[in-house]
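Quick mapping for you: the protein sequence lines, in order, are chains A and B. End of the first sequence = 230 in my numbering, gap-free, step of one. End of the second sequence = 1329 in my numbering, gap-free, step of one. Here the structure comes first, spelled out in structure tokens, and everything after it is commentary.
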Amino acid sequence: MRGLVVVACALVLAASAAAEPRGAGLYAAACSTCHGVTGAGRAGRGPSLRGVGALSADFYLRTGYMPLQSPSVQPERSRVLFSEPQIRSLVAYVASLGGGPPVPTPEADGRTAVGLRLFTGHCAGCHQIAAQGGFVTGARVPPLTHSSDRQIAEAIRVGPYLMPSFSTRDLSAADVNALVSYIDYTKHPDDRGGWAIGKLGPWPEGVVAWFVATAALVGVCLLLGRRVRS
Amino acid sequence: MSRVRDALVAAVVLVLGSSPDRPGDEDLDHRVVPRGPQERGAESLLLVLLGGAALAAVAFIVVYALDGIGHQTQWLGLSLGLAFGLLAAACFVTARRLVVTEELSEPYPEHGSPHERGLIEEIVHESGSRFTRRRLVKLAGTGAVGTLGLAALTPALSLGPAFDNDGLLRTPWKRGRRLVDETGRPLAAADIAEESFYTAYPRGVDREQLGAPLVLVRLPLEQIRERRDWAPQGIVAYSKICTHAGCAIALFRKPTFAALEPRPALVCPCHYSTFDPAAAGKVLYGPAGRALPQLPLEVDSSGHLRAAGNFSGPVGPSWWGVRMRKVKS
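Okay, structure coming up:
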């Protein structure tokens, strides 16, 4: 048993040594201001990255959440500032800081109905049933329109910003596959009505009916009721 | 077959054939409606509009029959809308340019004379000369109408319990009752992880009861500021029913970096009432008027979660008369 631990430690050390010096350099330049030179975090600036693993780094870098301009604002999906090889070396470097889960590989399995049920129970409270996002007190909830399958699987485990995180006990890998299937469906739903109006349901549709259609009807009535001048 | 053809021909002749002129259309000198100028242009426009409406209606039928064309719903709406729109325009043209119109004015009637008004008042007054106890009759009349009004308002009491609230204050939770998850499996303390949230129910009890569902979160024990003895290992349980309008508390906000982000909170998605799970469910924000009822927990010898008593307050939405009451188990 002890031998195994020694071997594992050696592997981790070797991995961190081999985690591309470029990763360390990029980290020092782009991340260390807030997360600390050793990745242990800095009080009032940023959390520790030890043990968050490749999964978390992959998520934050590929969504453009990081680097963050100011540590006191909510990270939002924005332009990714690193190239693909740079992201790879940064992810490897953060993973080498200690443990953490690897990058997941979800596969949409077509179980949309199961996904809908899981989404209703775990996600729709904040993200809305059409995955269009919304609000929670103190934060904006992002829409999932531009989230890739991998980013969804990563966010479920990470729980970025104010989102709760879900362990494999809460949502298994199979559950995540079903969720991904459902979220993929919400990106291109069968929109029979044509104009989705934000896919927010009957309320905005009613507002459009009342304000647009009523205005048009009143206009027509005024036109019809105007006296004919002879 | 030939009979059908005959019928069709007859119909066409009836519609298109020249109808005999009405007697007097030309002959009589005085007309009710004055003759207006004839407008062939407007008439042609009317014909075009009616034809267009017919075409659009036919298009609707065709689109409906052609199942499987792209954007079928939109085409259906467009054709039907166009048909109605053209028909409306046809009516518009007919009314504005083809039907003879004239403006007539009629003076308002004169006001009634003061003499007549006085007469009516006198008649009303004198008609009551047979009453001997006028004030009593007036009182009785007012009483009858007023009571009837009250009777009409009585059904409003069915909108909510006014006097008997006890049923709403009863909950299935009592000391020792086990917590189970959505599938009915008993929940162990080890199942509840930090940074996530869980729904729990009482074992062996109807889950549809207002007092049944719980929301569970695990917080670091040192973060819990109130009722720490109600939270074994930092696990706190609250009623899942919001105290504002009775929605399910379905949002848990969990900071990733507590130093810079809003603190953990249970949030109701309906009107964003926000409750502090670390401080006895106090309202942090939103329209809720009182704290979320907390359920004291304990961990039994097998590591499973059990209730250690009943809620700290009445479960569910608030109304006058609920805030001061005690819950019953």
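Just so it is clear, CB atoms sit at the ideal spot from N, CA and C, and this is done for glycine as well.
query, result
"Is the CB of A:Cys126 under 8 Å away from at least one CB in chain B?", "yes"
"Can you check whether the C-beta of B:Ala1291 is within less than 8 Å of a C-beta belonging to chain A?", "no"
"Excluding five sequence neighbours on each side, which residues of the same chain lie with their C-beta closer than 6 Å to the C-beta of B:Ala1059?", "Ser1079"
"At 8 Å on the CB atoms, spell out the chain A contacts of B:Val1191, in chain order.", "According to the sequence shown, residue 1191 of chain B is Asp rather than Val. Chain A residues near B:Asp1191: Arg169."
"So, under 8 Å CB-CB, B:Phe1311 and B:Phe1252 are touching, yes? Tell me the CB distance rounded to an integer number of Å.", "In fact, because the Cβ distance is near 19 Å, the residues do not count as touching under 8 Å."
"Examine chain B for any beta-carbon lying closer than 8 Å to the beta-carbon of A:Thr137, and answer yes or no.", "yes"
"Could you list which residues in chain B have their beta carbon closer than 8 Å to that of A:Tyr161, in chain order?", "Pro1255, Thr1256, Glu1261"
"Along the region 1170 to 1195 of chain B, where does the CB come closer than 8 Å to a CB of chain A? Name the residues.", "Glu1182, Asp1191, Ala1193, Glu1195"
"Using 8 Å as the threshold, is the region 96 to 107 of chain A in touch with the region 1225 to 1235 of chain B, meaning 3 or more CB pairs across them?", "no"
"Can you tell me whether A:Ala29 is buried or exposed, with buried defined as 16 or more other CB within 10 angstroms of its CB?", "exposed"
"Looking at the ligand MN, does it come within less than 7 Å of A:Gly206, judged from the CB to the closest heavy atom?", "With respect to the ligand MN, the structure shown offers nothing to examine, as it has no ligands at all."
"Under three-state DSSP, which class holds B:Leu1284?", "strand"
"Between the region 1271 to 1278 of chain B and the region 140 to 160 of chain A, can you find at least three pairs of beta-carbon atoms closer than 8 Å?", "no"
"Do you know how far the Cα of B:Leu1055 is from the Cα of B:Leu1008?", "21 Å"
"In this structure, how does DSSP classify A:Phe211 when only helix, strand and coil are distinguished?", "helix"
"Examine chain B for any beta-carbon lying closer than 8 Å to the beta-carbon of A:Gly44, and answer yes or no.", "yes"
"List the residues of chain B whose Cβ lies closer than 7 Å to the Cβ of A:Pro232, in chain order.", "Because chain A spans 1 through 230 in this model, residue 232 of chain A falls outside it and cannot be assessed."
"So, at 7 Å on beta carbons, what are the nonlocal neighbours of A:Glu205 in its own chain, with the 5 sequence-adjacent residues on each side left out?", "Ile197"
"Please tell me whether A:Ser32 has its Cβ less than 8 Å away from any Cβ of chain B.", "no"
"Less than 8 Å between CB atoms is the rule here; does B:Ala1250 satisfy it with respect to chain A?", "yes"
"Among residues of its own chain, excluding the 5 on either side of A:Cys31, which ones have a beta-carbon nearer than 6 Å to its beta-carbon?", "none"
"As a quick exercise: from B:Ala1279, B:Cys1242, B:Gly1204, pick the residue whose alpha carbon is nearest that of B:Gly1234.", "B:Ala1279"
"Any beta carbon from chain A within less than 8 Å of B:Ala1265's own beta carbon?", "yes"
"By Cβ distance, which residues of its chain are closer than 8 Å to A:Ala174, with the 5 residues on each side in sequence left out?", "Asp109"
"I want to see whether chain A comes within less than 8 Å of B:Tyr1285, judged by CB atoms only; does it?", "yes"
"Pull up the CB-CB distance for A:Gln128 and A:Gly134, whole angstroms please, since I reckon it's below 8 Å.", "5 Å"
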